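Notes follow once the structure below has been shown.
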Amino acid sequence: MMGNQPSSPSEHIGKVDGRPVSFTYAENDGVRELAWREIETEAKGKIANQDIISALPVHAHLPNDYTVLYVKPNPAAKDKDALRTSPVVFCSLVLTKPPLAFVHDHQPPGEACWQLRQDNGQPPNLHIVVSTGSGMGQAESVWELLVKPMLHHICPTVHNYSLHVTTSEWTVTDLTRDVFLAQANQRVSQAIILLSGDGGLVDVVNGLYLKDHTRTYVKPNIALLPLGTGNAMAHSSGITKDNTLGLRNLLQGHTKELPLFRASFSPAARQLVNEGRDERELQIMNGTPIVHGAVVCSWGLHATLVADSDTYEYRKFGAERFQMAAKEALFPADGSPPHAYRGKVSVLRPSTGRSPMWQPLDSEEHAYVLATFVSHLEKGFTISPAAKPLDGKLRLVYFSTMSGQDAMELMTKAYQGGKHVEDTKLQYEDIDGLRIDFDEDDARWRRVCVDGKIIRIERGGWMEVRAGVQPCADLIVMG
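As structure tokens, this is what we get:
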């Protein structure tokens with residue numbers, strides 16, 4: 001709804017926290033903002049639209065009063081050593097008779113009413129998951145400085161929500177199996193506020209498939225507060241378009257089905273954990289190891305750089321870790337060319353006629369093999385420009401072996417609005433499925449990435465990805 005009303009510099013008399021003011025609501029240097037001047041003291045204040053979470057009516061008996069929830073930069077986050085600190089803090093004001101255009105832009109529509117996304121009950125069915133290991137470790141600070149005080153405005157007591165703080169890599173999966181899935185199978189509506197990155201989202205998704213769904217299964221609603229490294233889902237679904245870290249989306253958004261794919265693997269495939277030092281068995285479905293994903297499945301350069309940079313030392317650099325690892329992969333220290341990944345890659349193309357058949361790609365040596373639902377893998381990196389938010393269309397991004405310089409130049413175009421897909425050296429198309437039969441001796445080159453999770457395939461093994469999986473959750477997004 002934002003920006004629908006024409007900019008107007010006209011003044012409007014009202015109050016801010018009880019103090020008489022003159023309001024204006026207009027664009028200033030390209031930024032739409034609510035500004036005011038106190039009538040008695042001439043003191044001035046303003047809030048940019050990008051910082052506003054919501055404007056909520058105070059009470060039915062006070063029709064002219066609105067509580068404005070917003071964020072402002074956290075001064076402590078400017079310290080170079082404050083990597084784990086929330087970049088913004090929560091603030092609120094009570095406005096009396098603000099401009100109608102401002103109310104129109106920031107009051108949630110009726111269908112976005114967050115209270116209706118979960119059933120009342122004890123224990124509560126509004127869950128907050130604080131993923132302490134995500135990204136640069138900001139989740140606990142964001143909870144204390146931003147989410148917790150905001151919830152105190154809309155949930156006056158802690159008895160109205162359940163807080164879950166992760167203590168291991170398996171906390172979210174275990175919580176999902178024991179609580180979210182169990183409740184969903186009992187026809188209980190739940191809302192999950194996930195302070196995490198894409199990894200936390202895929203943990204919830206896979207946890208919801210650990211047991212069969214009952215006929216009364218109710219999909220949980222997930223609000224994603226992007227605190228991971230790449231935050232592909234958040235960037236691709238519009239959650240990061242403002243400065244509120246997903247809180248505007250939580251209060252003003254609506255639910256939409258989260259499209260999923262299923263990756264199946266040969267019998268000895270294992271997930272790598274603990275920075276690649278240990279492995280874990282995958283979920284088994286009908287005798288086959290599987291992982292569900294909502295973002296990306298890849299082999300080659302992308303999977304390698306994600307796997308190689310999945311360490312504490314790399315994660316503290318945020319999204320820059322991917323570019324650092326990419327340079328190491330494209331320009332090996334010994335001066336050799338980038339690795340040529342050997343295997344048979346086949347795709348299942350959309351077909352309206354006869355039964356679709358797997359079609360192998362021409363080359364048996366590959367550099368970049370990636371299937372994705374999303375448009376962005378990180379901020380500014382437009383991997384699939386044709387993708388629309390949650391459109392459920394799986395697309396292949398592929399190129400064969402080339403020099404490190406050529407590969408770097410090609411992928412740099414993704415930072416130019418996705419211009420890499422216009423290059424004839426790159427293959428970009430809609431697909432229904434992707435299959436890889438691996439022909440690599442070294443286990444390092446048999447690693448694949450599923451939404452940030454690293455899976456290692458056994459020698460001579462295979463992976464198959466299929467779109468069109470029945471959704472198990474809804475994501476809260478803006479219209």
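With full-length UniProt numbering, the residue at position 84 of the sequence shown is 84, and numbering never jumps.
Even glycine gets a Cβ: it sits at the ideal position worked out from N, Cα and C.
This one's a predicted model, so the numbers in the text were calculated from it and none came from an experiment.
Check	Outcome
DSSP three-state assignment for residue 468, whether helix, strand or coil	strand
Counterpart residues of residue 28 in DSSP-defined beta bridges	31
Exposure of residue 8, with buried meaning 16 or more beta-carbon neighbours within 10 Å	In this prediction, residue 8 scores a pLDDT of 46, lower than 50, which makes its location untrustworthy; the coordinate-derived value is nonetheless stated afterwards. Residue 8 is exposed by the Cβ-count criterion.
Nearest neighbour of residue 267, chosen from 258, 283 and 277 [CA to CA]	283
The segment 329 to 348 touching the segment 377 to 386, judged by at least three CB pairs closer than 8 Å	no
Neighbourhood of residue 248 by C-beta distance below 8 Å, restricted to the same chain and skipping five residues each side	52, 53, 54, 242 and 478
DSSP three-state assignment for residue 104, whether helix, strand or coil	helix
Where residue 213 falls: helix, strand or coil (DSSP)	coil
Exposed unless 16 or more other CB atoms sit within 10 angstroms - verdict on residue 186	exposed
Where residue 359 falls: helix, strand or coil (DSSP)	strand
Residue of 411, 42 and 407 minimising C-alpha distance to residue 378	411
Pair within 8 Å by beta-carbon distance, residue 217 and residue 191	no
Boundaries (first-last residue) of the alpha helix (DSSP H) holding residue 365	Note, residue 365: premise wrong, no alpha helix (DSSP H); beta strand (DSSP E) at 365 to 372.
With 16 other Cβ atoms within 10 Å as the buried cut-off, status of residue 358	exposed
Cβ-based neighbour list, residue 246, same chain, cut-off 8 Å, excluding 5 preceding and 5 following	223, 224, 225, 226, 234, 239 and 240
Nearest candidate by alpha-carbon position, reference residue 61, set 76, 96 and 74	96
Pair within 8 Å by beta-carbon distance, residue 136 and residue 84	yes
Sequence-distant residues of its chain with Cβ nearer than 7 Å to residue 86 (five each side left out)	74, 77, 138, 141, 142, 145 and 146
Residue 97, DSSP secondary structure in three states	coil
Identity of the residues DSSP links to residue 474 by a beta bridge	221 and 257
Beta-carbon contacts of residue 307 that lie in its chain and below 8 Å, excluding the five residues immediately before and after	272, 276, 447, 449 and 454
Cα-Cα separation, residue 14 to residue 204	45 Å
CB-CB length for residue 426 against residue 396, believed under 8 Å	Wrong, their Cβ atoms sit about 10 Å apart, outside the cutoff.
Residue 121 versus residue 172 - alpha carbon distance	21 Å
Burial state of residue 310 (16 or more Cβ within 10 Å)	buried
Same chain only: Cβ atoms within 7 Å of residue 508, ignoring 5 sequence neighbours per side	The requested residue 508 is not part of the displayed model; the chain covers only 1 to 479.
Cβ contact check for the segment 329 to 338 and the segment 403 to 419: 3 or more pairs under 8 Å	yes
Same chain, Cβ closer than 6 Å to residue 255, neighbours up to 5 away in sequence not counted	221, 474 and 476
Exposed unless 16 or more other CB atoms sit within 10 angstroms - verdict on residue 42	exposed
Opening and closing residue of the alpha helix (DSSP H) in which residue 154 lies	148 to 154
Closest residue to residue 155 among 44, 251 and 443 (Cα-Cα distance)	251
Option nearest residue 287 by Cα separation, candidates 274, 305, 265 and 278	265
Neighbourhood of residue 459 by C-beta distance below 6 Å, restricted to the same chain and skipping five residues each side	none
Residue 64 (DSSP reduced to helix, strand or coil)	strand
Residue 341 - DSSP class collapsed to helix/strand/coil	strand
Run of the beta strand (DSSP E) containing residue 322, from where it starts to where it stops	No beta strand (DSSP E) contains residue 322, which is instead part of the alpha helix (DSSP H) from 320 to 330.
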